[in-house]
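The next block holds one structure in the form of structure tokens; read it before the comments.
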Amino acid sequence: MGTPEAGRLGDVTRVLAGWQDDEVPVQLHPGDVGWFWRFGAERTARATRTWSRAGQLLAVGLLDGPDLLRLAFAPGTLRDGDLARQVAADASAPGRGALPAGQVYVEAPAEALVRDLLAEDGWRDGDLWTLLWRDLGAPVPDPGVHVEVIGPEQAHEWAEVVHASFEKSTFTGERWHAMAAGAPYADARCLLARDERGRAVAAVAVWSAGQGRLGLIEPMGVHRDHRGHGYGRAITFAAARALRDLGSSSVVVYTPSTNTGAVATYLSAGLRRVSERRDLYRAAP
Numbered sequence: 001m002g003t004p005e006a007g008r009l010g011d012v013t014r015v016l017a018g019w020q021d022d023e024v025p026v027q028l029h030p031g032d033v034g035w036f037w038r039f040g041a042e043r044t045a046r047a048t049r050t051w052s053r054a055g056q057l058l059a060v061g062l063l064d065g066p067d068l069l070r071l072a073f074a075p076g077t078l079r080d081g082d083l084a085r086q087v088a089a090d091a092s093a094p095g096r097g098a099l100p101a102g103q104v105y106v107e108a109p110a111e112a113l114v115r116d117l118l119a120e121d122g123w124r125d126g127d128l129w130t131l132l133w134r135d136l137g138a139p140v141p142d143p144g145v146h147v148e149v150i151g152p153e154q155a156h157e158w159a160e161v162v163h164a165s166f167e168k169s170t171f172t173g174e175r176w177h178a179m180a181a182g183a184p185y186a187d188a189r190c191l192l193a194r195d196e197r198g199r200a201v202a203a204v205a206v207w208s209a210g211q212g213r214l215g216l217i218e219p220m221g222v223h224r225d226h227r228g229h230g231y232g233r234a235i236t237f238a239a240a241r242a243l244r245d246l247g248s249s250s251v252v253v254y255t256p257s258t259n260t261g262a263v264a265t266y267l268s269a270g271l272r273r274v275s276e277r278r279d280l281y282r283a284a285p
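At position 162 of the sequence shown the residue is numbered 162 (UniProt numbering), and the sequence of numbers has no breaks.
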């Protein structure tokens, strides 16, 4: 297991982008790393884990928060025994490997062998997540509200909406600029929806992994003062249209299954429920 230098993080995310495929289980996306980049390149590099063999990158993990490791694997390696054993060993070494000591979580693709190995080692089923997906081969309906792609001049407005959309959010304009400076943002867009009075009411970031690959929504939020008017559905339509314009084959989003409002919003915007899966957790000693 390794941790890339900040200057090499762009190389890691480009490889990760190449692993995204509509035919394989949804896994860590370069957009997830791009959204984390709001904390800066150095912190993002420290949160990234890599596993290689003979100089070839085979797995990438992101310590997304203090206790959750999210994983992605190179094509054809989901059931690679040697790789899975190494990732499982690193995840299970409290405070010395991929995760800190205490109760921690791992999110891995549904078919990954590492899930089986962690379960055999006493890891338990954790939180339930809903995966939603939409094919972008056909045109997407117009959102029906004014939506704009924002740049540095509107970063403070986008940040204000995101901050007002999520409880305990710490997002700021400065963090938008840090995120926009990251390598994954070259294939991303931030969108802002306005009501008929010109007020910023909803925000979304979309992340492309390249032509013909699935794109990601992360995050999507509606300002707490403007909920109940269909803005979440509208900005989700706008997100899908933006990803289609960027060449994405499909759009995916995953959200805690307990967030029934978000699930309902995505369903109303034409995404379909693909599956539910649980992360795994190791209880504190």
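Every residue gets a Cβ at the ideal spot worked out from N, C-alpha and C, and that includes glycine.
Here the structure is a predicted model, which is why all the values come from computation and not from measurement.
Discussion item. Tell me which residue opens and which closes the alpha helix (DSSP H) that I235 is part of.
Written reply: Y231 to D245
Item to complete: Report buried or exposed for Q20, applying the criterion of at least 16 other Cβ atoms within 10 angstroms of its Cβ.
Response: buried
Fill in: Rounded separation between P139 and D82 - CA only
43 Å
Item to complete: Give the DSSP bridge partners of P256, in chain order.
Response: W129
Practice prompt. Report the option in V33, T50 and W51 whose CA atom is closest to the CA atom of R43.
Written response: V33
Discussion item. By the DSSP assignment, the alpha helix (DSSP H) with W158 in it spans what residues?
Written reply: A155 to S165
Worksheet item: Does the region 123-130 come within contact of the region 199-211, defined as at least 3 CB pairs closer than 8 Å?
Response: no
Practice prompt. Whole angstroms is fine: what's the gap from T258's alpha carbon to G182's?
Written response: 31 Å
Fill in: Residue(s) in a DSSP beta bridge with R124
Y281
Practice prompt. Determine the closest residue to L271 out of I217, L78, Y231 and Y281, with distance taken between C-alpha atoms.
Written response: I217
Worksheet item: Can the beta-carbon of A72 be found closer than 9 Å to that of G61?
Response: yes
Worksheet entry | Paired residues, beta bridge with F73 - DSSP | A59
Discussion item. Using C-beta distances below 6 Å, list every residue in its chain close to V104, excluding the 5 sequence neighbours before and after it, in chain order.
Written reply: D67 and R282
Item to complete: Please report the Cβ distance between W133 and V24, rounded to the nearest whole angstrom; I am assuming they are in contact, meaning their Cβ atoms lie under 8 Å.
Response: Between V24 and W133 the Cβ distance is about 13 Å, and since that is not below 8 Å, they are no contact.
Discussion item. Using a Cβ distance threshold of 8 Å, determine whether the region 93-112 contacts the region 207-227, with at least three qualifying pairs required.
Written reply: no
Worksheet item: Considering only residues of the same chain and omitting the five flanking positions on each side of L131, which have a CB-CB separation below 6 Å?
Response: V26, Y254, V274 and S275
Worksheet item: At which residues does the beta strand (DSSP E) containing M1 begin and terminate?
Response: Here M1 belongs to no beta strand (DSSP E), and DSSP marks it neither H nor E.
Discussion item. Would L118 and A91 be called neighbours here (beta carbons separated by less than 9 Å)?
Written reply: yes
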